[in-house]
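Sequential numbering from 548 applies to the sequence shown in the numbering used here. Quick reminder that beta carbons are idealized off the backbone N, C-alpha and C, glycines included. As structure tokens, the structure follows; a few thoughts come after it.
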Amino acid sequence: MRDLAVIGLGYTGLPLAREATRAGLCVAGYDVNARVVAGLEAGRSHVDDVTDADVRAMCAAGFTAAAEPSVLASAHTVVICVPTPLHADGTPDLGPVRRAATALAPHIDVGTLVVLESTTYPGTTEEVVRPILERASGIVAGADFHLAFSPERIDPGNKDFGLRNTPKVVGGLTPGCAQAAAAFYGKICGSVVMAKGTREAEMAKLLENTYRNVNIALVNELAVVAHDLGVDLWDAIACAATKPFGFQTFRPGPGVGGHCIPVDPDYLVHRARAAGGRARLVELAQDINRSMPEYVVRRAADVLGGAGRSLRGAVILLVGVTYKENVSDLRETPARPIVRLLRDVSADVVYHDPYVARFVVDGEPVARVADIVRAAAASDLTVLLQPHAAYDMDAIVAAAPRTLDTRGCTRSGAALL
Ligand SMILES: NC(=O)c1ccc[n+]([C@@H]2O[C@H](COP(=O)([O-])OP(=O)(O)OC[C@H]3O[C@@H](n4cnc5c(N)ncnc54)[C@H](O)[C@@H]3O)[C@@H](O)[C@H]2O)c1
């Protein structure tokens, strides 16, 4: 009998499997991607925060990964960590969650604890996962088996906070389900917080990410306003941040990336509309953040225009193309629409990123430069998108004839967003 089976071995599932293995639990993983499974079996990690050595240590401690769901049989606890993306029309795509629940259903037993960790709208655990599990298993959630939601709060690249020292919220279908989930996570996490139910736990995660999204939209909008007013917003933010209470710092940038912050608010927007209401501020924040790549390109045109040049035929060096600093994740990176917009006006786009060996936009690779300082000197405009710690920003700005700093990460000599 296994202690834990994890469905979906990506950015959230793999660290969970690692921490559970480290806690001495017997863990298995199921992922539909056979390449992911083969890599793990060969001791290779595909996730930034998990090293190859971690994977080898997990395997040595008994962890097994499989591309077929029979591995889910006879596990005490099963945690679902599959993606929750959007359909092309912007509505929630719960296909992976449904397929994971369908694959799991024949394997659950009386007493099994099933936890959904994928970020989703309130009601998913009860209205989507529960009926799938009950129909195929013939047993009842809350009476025969336990069902709960626990939001994943992982922050890729964060060295200070991980699964162990970030409080874990759990919401159960019944108090008994919550107890079972709290007992399980208590083996791995330092602190467990009980929500009133699954919906409150689902909402807590959407609140956390929407809070970030809305506040980023606020400073992004203020960046545009401040530029028009001739104000250095980054300086104003640094001043405001000295207030010891009532203010949390958010910084503007070229747009919001990753597959959480820009995506999760749409789950809330959709659910609010389905219930006959509107999450107006959330919708507006999405609009503002999604307009930032266009604004970056407009500012790039301004900076070149100031030197009597246009974007057409200009060599534009993009510095750092991942969605976040010091990680290799390209999902929803604003660099992608920026490349698209620059190509539309026939600019010659090149990029540098120590974390990205190949950057393909709309099927066409962006040319990669090896020596960033030399490339900055040879470009017409250098656009700082991601301040990876490895960069010497002063050296880049000194070499470049013109720099547009979208992150406020340079001291002087660059045009700000
Ligand atoms: N990455 C983060 O920083 C983060 C943080 C908090 C919450 N989340 C949420 O966690 C969930 C998972 O995100 P992730 O970043 O781990 O995704 P991911 O894409 O890194 O990993 C998901 C894995 O699930 C597998 N998969 C997809 N469908 C499957 C199925 N039906 N059965 C089995 N395996 C399946 C995929 O092959 C993939 O390996 C999402 O809801 C996301 O919003 C992610």
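- Message: Runs of 4 residues minimum, wholly inside the segment 624-666: which ones carry the alpha helix (DSSP H) assignment?
- Response: 642-651
- Item | Exposed unless 16 or more other CB atoms sit within 10 angstroms - verdict on Met-548 | exposed
- Message: By the DSSP assignment, the alpha helix (DSSP H) with Val-862 in it spans what residues?
- Response: From DSSP, Val-862 is part of no alpha helix (DSSP H) but of the beta strand (DSSP E) over 862-866.
- Pull up the distance between the alpha-carbon of Ala-581 and that of Ala-613, whole angstroms please. 8 angstroms
- Message: At the level of alpha carbons, what is the spacing between Leu-680 and Leu-551?
- Response: 17 angstroms
- Query: What does DSSP give as the partner residues of Glu-768 in its beta bridges?
  - Reply: Paired residue(s): none; Glu-768 is not in a bridge.
- Message: Mapping the DSSP letters down to three states, classify Lys-706 as helix, strand or coil.
- Response: coil
- Task: Note down the Cα distance separating Thr-672 from Ile-808, rounded to an integer number of angstroms.
- Result: 21 angstroms
- How about Leu-556 and Leu-710: do their beta carbons lie closer than 8 angstroms? no
- Item | Pair within 8 angstroms by beta-carbon distance, Pro-812 and Met-839 | no
- Using the C-alpha atoms, what's the distance from Ile-863 back to Arg-887? 13 angstroms
- Item | Contained alpha helix (DSSP H) runs [length at least 4] in the segment 722-766, N- to C-terminal order | 722-732
- Query: Just to confirm, does Ala-581 get its C-beta within under 7 angstroms of one of the non-hydrogen atoms of ligand 1?
  - Reply: no
- Query: Quick one: what does DSSP say Gly-560 is sitting in, helix, strand or coil?
  - Reply: helix
- Task: Return the residue from the list Ala-652, Tyr-938, Pro-791, Val-850 that minimises the CA-CA distance to Ser-617.
- Result: Ala-652
- Query: Does DSSP classify Arg-915 as helix, strand or coil?
  - Reply: strand
- Helix or strand or just coil, what does DSSP make of Ala-613? strand
- Have a look at Phe-696, Gly-571, Ala-567, Gly-704 and flag the residue whose alpha-carbon is nearest the alpha-carbon of Ala-936. Gly-704
- Message: So, for Asp-599: in the same chain, excluding its five sequence neighbours on each side, which residues have a beta-carbon less than 8 angstroms away from its beta-carbon?
- Response: Gly-590, Arg-591, Ser-592
- Query: On the three-state DSSP scale, how would you describe Ile-554?
  - Reply: strand
- Through-space distance from Gly-723 to Val-908, alpha-carbon basis: 49 angstroms
- Message: Using a Cβ-based criterion (distance less than 7 angstroms to any ligand heavy atom), does Cys-807 qualify as near ligand 1?
- Response: yes
- Message: Taking its Cβ as the centre, do 16 or more other Cβ atoms sit within 10 Å of Pro-745, making it buried, or is it exposed?
- Response: The displayed chain sequence assigns Thr, not Pro, to residue 745. Under this definition Thr-745 is a buried residue.
- Hey, how far is the Cα of His-634 from the Cα of Leu-641? 9 angstroms
- Task: Verify the contact flag: Glu-699, CB atom, against every heavy atom of ligand 1, threshold strictly below 7 angstroms.
- Result: yes
- Query: Going by DSSP, which residues form a beta bridge with Lys-715?
  - Reply: Val-739
- Reducing DSSP to helix, strand and coil, say where Ala-607 ends up. helix
- Query: Terminal residues of the continuous alpha helix (DSSP H) containing His-967?
  - Reply: Because residue 967 is not part of the residues shown, which for the chain are 548 to 964, the question remains open.
- Query: Measuring CA to CA, which of Gly-802, Ile-784, Gly-805 is closest to Gln-795?
  - Reply: Ile-784
- Item | Val-687 - DSSP class collapsed to helix/strand/coil | coil
- Message: Considering Cα atoms alone, identify which of Leu-932, Tyr-558, Ala-607, Pro-948 is closest to Ile-627.
- Response: Tyr-558
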